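Residue numbers (the numbering used here), protein chains in the order written: chain F, 26 to 284; chain V, 502 to 869.
Some notes on the structure that comes next.
So this is what it looks like as structure tokens:
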């Protein structure tokens with residue numbers, strides 16, 4: 026196959042044999058996957074599976090100890106500063122400096138990329154226009170998550186990473202956040218999301234990779250993963266002909282509690 | 502490059518604005534050094550001329566004795582405590598150290614004898630722990646009496662001594678104290694500021710979030726430095742206004758040179774705070790390290806008392822501390838009227854520290 030032209034390549038993120046070592050322990054043991062342009066790609070797995078580490082390597086926050094990740098034609102390890110202009114990042118628990126207005130924070134983030142922010146337009150998109158002049162510490166958990174999305178999109182990134190965005194949110198806030206993620210995707214931004222909520226993955230993700238103990242143990246659309254499980258003769262105890270992604274997940278990773 | 506500086510500019514603008522919304526930071530940066538200024542100004546401010554706190558017990562009825570007491574009260578050299586009315590109150594006040602000594606005029610003081618001129622012998626009473634003040638007072642009074650004697654009795658005085666001050670702009674104790682207080686203020690702003698703020702920013706993941714953007718460490722450092730320099734210059738302007746208005750500080754140097762030197766000093770000392778705060782993962786790492794570095798400087802660089810009172814070997818060592826050229830430089834420009842060229846050694850040493858401090862700060866900085 027000829028070398029891919031990043032502009033027309035359908036694959037926006039190509040990860041090959043990616044590895045990360047903490048001390049003597051391999052946290053990520055050589056994983057490979059492709060993310061298609063414009064899709065919502067989920068990375069599922071129990072705590073300690075290596076989801077966050079994988080994300081952080083692609084986000085240039087952690088050094089890559091083996092393998093490659095190429096995002097929009099740019100090698101992450103070789104050109105980390107170029108990568109930062111292409112990605113928007115929503116960390117696990119977003120927080121911002123206090124006593125700073127939302128509009129000012131957006132200006133700061135935009136300035137970090139050397140541009141100016143359309144602060145009010147961004148805030149309107151995440152339903153926070155009435156909070157424009159408030160300090161970030163006056164926002165609720167769900168509002169903070171929404172604001173964090175606005176902050177991650179100030180520079181029109183091509184890929185948007187969300188690390189467990191709905192952990193600790195109430196059902197309403199979760200659903201609201203899902204809608205926002207869909208809006209972002211509809212604008213043509215590729216979304217990569219980690220979660221351990223299966224319903225979230227089922228609703229949002231076009232394709233999911235299931236990780237456990239530093240490896241990808243399954244990768245497909247939620248529908249196919251469920252279908253495969255059913256084809257294997259899986260039956261739920263009470264309902265006869267149905268299984269959801271949660272069943273797939275538990276079947277793949279085992280039932281034991283993780284820390 | 503223009504874009505990169507734009508980033509710095511916006512960060513400076515917003516973090517400076519943010520600073521003025523932070524009441525606690527405002528208190529520690531502006532009010533706290535002002536309180537010190539009033540405390541130390543009260544102690545050293547009026548000490549530029551010698552003065553004694555005395556009680557006066559006049560047992561004489563003579564017109565001359567009364568006139569003498571009035572003269573003493575008018576004199577700027579004496580602060581007469583009017584609560585001293587008898588031996589008991591005098592004793593009490595002296596033993597408590599409220600007054601330095603008691604001047605006792607006996608019953609025959611100022612009585613005209615021989616029909617020619619008044620005479621008498623005043624007594625100066627002082628306790629043992631006030632011996633120095635007491636003896637100085639005796640000398641001062643003898644000198645005064647000699648002047649008075651000359652008016653009554655003409656006598657030849659073959660040997661005399663006359664005091665002739667050479668420096669019209671002599672340094673008062675307050676000049677040293679004030680430069681030291683500015684040094685103290687720079688430490689508070691430059692070191693304790695970042696040391697308190699950075700671990701908190703790391704704990705909340707705020708720096709980590711910035712780390713996902715193309716923001717460079719130098720951009721972050723320089724925006725912090727510029728913002729702190731603005732805040733610092735403003736703080737010090739307030740301190741100068743208070744020192745000049747209330748404590749009669751005489752500034753004879755160039756204000757422009759002073760501002761430039763202060764800004765450079767703030768940025769250099771801030772590097773220490775950036776290095777500690779940038780290195781530390783949490784408060785528990787930051788606070789002890791900051792104290793180890795700050796306390797020697799506080800006591801040895803001339804912050805609270807001038808370095809000339811130290812033993813010579815200690816002066817030689819403390820001359821190399823980063824805060825020493827700051828305090829010396831401020832004093833030399835402000836009260837001695839030196840130019841930036843004349844304080845070359847101070848600027849040189851400070852530049853050396855600037856390079857060392859920032860090389861370390863960049864090396865050890867961690868975003869999380």
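Beta carbons are placed, not taken as given, at the ideal position from N, Cα and C, and that holds for glycine.
Just so it is clear, the structure is predicted and the values come from calculations on it, not from any experiment.
Beta-carbon contacts of residue i that lie in its chain and below 6 Å, excluding the five residues immediately before and after
i, result
"residue 67(F)", "218, 226, 230 and 233"
"residue 733(V)", "690 and 767"
"residue 35(F)", "61 and 62"
"residue 531(V)", "736"
"residue 138(F)", "180"
"residue 579(V)", "553, 555 and 573"
Span of the beta strand (DSSP E), counted from its first residue to its last, around residue i
i, result
"residue 115(F)", "112–115"
"residue 46(F)", "36–47"
"residue 56(F)", "50–61"
"residue 681(V)", "Not the beta strand (DSSP E): residue 681(V) falls in the alpha helix (DSSP H), residues 674–688."
"residue 614(V)", "612–614"
"residue 65(F)", "65–69"
"residue 605(V)", "602–606"
"residue 822(V)", "Segment: none, residue 822(V) is in no beta strand (DSSP E) and carries neither H nor E."
"residue 95(F)", "91–96"
Pairwise C-alpha distance: residue j and residue i
i, j, result
"residue 548(V)", "residue 631(V)", "Residue confidence is low: residue 548(V) scores 48 on pLDDT, short of 50, so the model does not pin down where it sits. Its coordinate-derived value is still stated next. Rounded to whole angstroms, residue 548(V) to residue 631(V) spans 17 Å at the Cα level."
"residue 120(F)", "residue 250(F)", "35 Å"
"residue 864(V)", "residue 711(V)", "18 Å"
"residue 167(F)", "residue 99(F)", "33 Å"
"residue 627(V)", "residue 589(V)", "13 Å"
"residue 832(V)", "residue 803(V)", "11 Å"
"residue 870(V)", "residue 730(V)", "Given a span of 502 to 869 for chain V in the structure shown, any question on residue 870(V) remains unanswerable."
"residue 170(F)", "residue 220(F)", "15 Å"
"residue 527(V)", "residue 552(V)", "38 Å"
"residue 582(V)", "residue 523(V)", "46 Å"
"residue 570(V)", "residue 822(V)", "51 Å"
"residue 791(V)", "residue 775(V)", "11 Å"
"residue 278(F)", "residue 76(F)", "14 Å"
"residue 784(V)", "residue 673(V)", "40 Å"
"residue 86(F)", "residue 160(F)", "27 Å"
"residue 224(F)", "residue 147(F)", "28 Å"
"residue 272(F)", "residue 247(F)", "11 Å"
"residue 275(F)", "residue 702(V)", "38 Å"
"residue 244(F)", "residue 186(F)", "18 Å"
"residue 820(V)", "residue 808(V)", "9 Å"
"residue 857(V)", "residue 695(V)", "18 Å"
"residue 128(F)", "residue 714(V)", "18 Å"
"residue 585(V)", "residue 629(V)", "19 Å"
"residue 686(V)", "residue 675(V)", "16 Å"
"residue 707(V)", "residue 787(V)", "17 Å"
Boundaries of the alpha helix (DSSP H) in which residue i is found, first to last residue
i, result
"residue 746(V)", "718–748"
"residue 694(V)", "694–704"
"residue 813(V)", "813–819"
"residue 620(V)", "Here residue 620(V) belongs to no alpha helix (DSSP H); instead the beta strand (DSSP E) covers 618–620."
"residue 632(V)", "632–653"
"residue 510(V)", "503–520"
"residue 707(V)", "707–712"
"residue 150(F)", "144–150"
Cβ shell of residue i (< 7 Å), same chain only, five flanking positions each side left out
i, result
"residue 42(F)", "55, 57, 91 and 92"
"residue 839(V)", "754 and 833"
"residue 653(V)", "618"
Residues near residue i by beta carbon distance below 8 Å, same chain, minus five either side
i, result
"residue 133(F)", "125"
"residue 182(F)", "110, 111, 112, 113 and 214"
"residue 194(F)", "166, 167, 170 and 202"
"residue 509(V)", "720, 723, 724 and 727"
"residue 560(V)", "605, 606, 607, 608 and 610"
"residue 158(F)", "126, 127 and 128"
"residue 867(V)", "703, 779, 780 and 782"
Any chain C beta carbon closer than 8 Å to residue i
i, result
"residue 57(F)", "Going by chain labels, chain C is absent from the structure shown, which instead holds the protein chains F and V."
Taking a cut of 8 Å between CB atoms, which residues from the region 77–110 of chain F lie near chain V?
-> 84, 85, 86, 106, 109 and 110
The region 123–137 of chain F: positions lying closer than 7 Å to chain V by Cβ = 124, 125, 129, 132, 133, 134, 136 and 137
Counting only runs that start and end within the region 185–243 of chain F, where is the beta strand (DSSP E) found for 3 or more residues in a row?
-> 215–220 and 232–237
Can you list the alpha helix (DSSP H) stretches of 4 or more residues lying completely in the region 533–592 of chain V, in chain order?
-> Entirely contained in the region 533–592 of chain V, the alpha helix (DSSP H) runs reaching 4 residues are, in chain order, 533–545 and 564–575.
Members of the region 517–541 of chain V near chain F, C-beta cut-off 8 Å = 518, 519, 522 and 523
Members of the region 681–713 of chain V that neighbour chain F once the beta carbon cut-off is set at 8 Å | 702, 705, 706, 707, 709, 710, 711, 712 and 713
Taking a Cβ distance cut-off of 7 Å, strictly less, list which residues of the region 715–726 of chain V are near chain F, in chain order.
-> 715 and 716
According to a CB-to-CB cut-off of less than 9 Å, which residues of the region 816–839 of chain V neighbour chain F?
-> Shown here is that no member of the region 816–839 of chain V has a Cβ falling below 9 Å from a Cβ of chain F.
3 or more residues per run - each beta strand (DSSP E) lying fully within the region 778–808 of chain V = none
The region 571–585 of chain V: which residues have C-beta closer than 9 Å to a C-beta of chain F, in chain order?
-> Listed in sequence order: no entries.
Where the region 159–171 of chain F meets chain V: residues whose CB sits under 9 Å from a CB there | Against chain V - using a Cβ distance shorter than 9 Å - the residues of the region 159–171 of chain F are 160.
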